[in-house]
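Notes follow once the structure below has been shown.
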Amino acid sequence: MNIILHEPEIPQNTGNIGRTCVATGTKLHLIEPLGFELNEKHLRRAGMDYWGNLDYTVYRNFEDFLAKNPGAKIYMATTKAKKKYTDVEYGPNDFIMFGKESAGIPEEILVDYEETCVRIPMLSDIRSLNLSNAVAVVLYEALRQNDFSSMQTEGELHRLQWKE
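First residue of the sequence shown? That's 690 in the working numbering, and the numbers climb one at a time after it.
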């Protein structure tokens, strides 16, 4: 899977998303301008010691992303979508794009992706979820649809044993 952040503004959100990407084997694509420096302490603190293991690429703008990822199937996560994020079938190499915290994905981009725009249902008086929470919700649905391929799906206790 692939997560795209279009002009993210808050380093802690991007750090949390980076950690989620490392935990799920997901590549992170960052589209400039970024609202922070990649060496910022808040970004690294939120990503903990996982940031060094993150597979990520930075792009100058959305056109640069498209040029370097021709044919990418992109789902646009937006509160403006007609479909729910659970209404589509995600492939293992698909991209899910999220916009900046203050404004989302620009409508100039969305109009070309009407069929792949998806939304997370929420109450009408709420503008949006926190960006890192929204990424986790949609990403884990996409991973679930792909049977959590290559991911550990069972755990063990550290000191005790599960009862049979």
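Ideal placement from N, C-alpha and C gives every residue a C-beta, glycine not left out.
Quick caveat: nothing in here was measured; it's all calculated off a predicted structure.
G793 is bridged by DSSP to K789. In this model, M811 and S817 are separated by some 8 Å (Cα to Cα). Between N702 and E803 the beta-carbon gap is near 26 Å, outside 8 Å, which marks them as no contact. Membership of L755 in the alpha helix (DSSP H) is indicated by the continuous run F751 to K757. Residue range Y745 to Y748 is occupied by the beta strand (DSSP E) that includes Y745, with no alpha helix (DSSP H) assigned at that position. When the Cα atoms are used, N691 and K730 turn out to be separated by approximately 24 Å. Annotated three-state conformation of A761 is coil, per DSSP. In the DSSP assignment, I706 falls outside any beta strand (DSSP E) and lies within the alpha helix (DSSP H) extending over P700 to T713. Remark: C-beta atoms of F787 and L820 approach each other more closely than 8 Å.
The beta carbon of K757 lies closer than 8 Å to those of T746 and Y748 in the same chain, with the five residues before and after it left out.
With respect to the C-alpha of P700, the residue from Q834, K716, G724 and V711 having the closest C-alpha is G724. Going by C-alpha positions, V711 is about 33 Å away from E853.
Secondary structure note for L694: its beta strand (DSSP E) is the uninterrupted segment N691 to H695.
Between the beta-carbon of I706 and that of V824 there is about 5 Å, and that keeps the pair under the 8 Å contact cut. Linking E726 to N822 through their CA atoms gives a straight-line distance of about 22 Å. For N728 and I815, the gap between their C-alpha atoms comes out near 32 Å.
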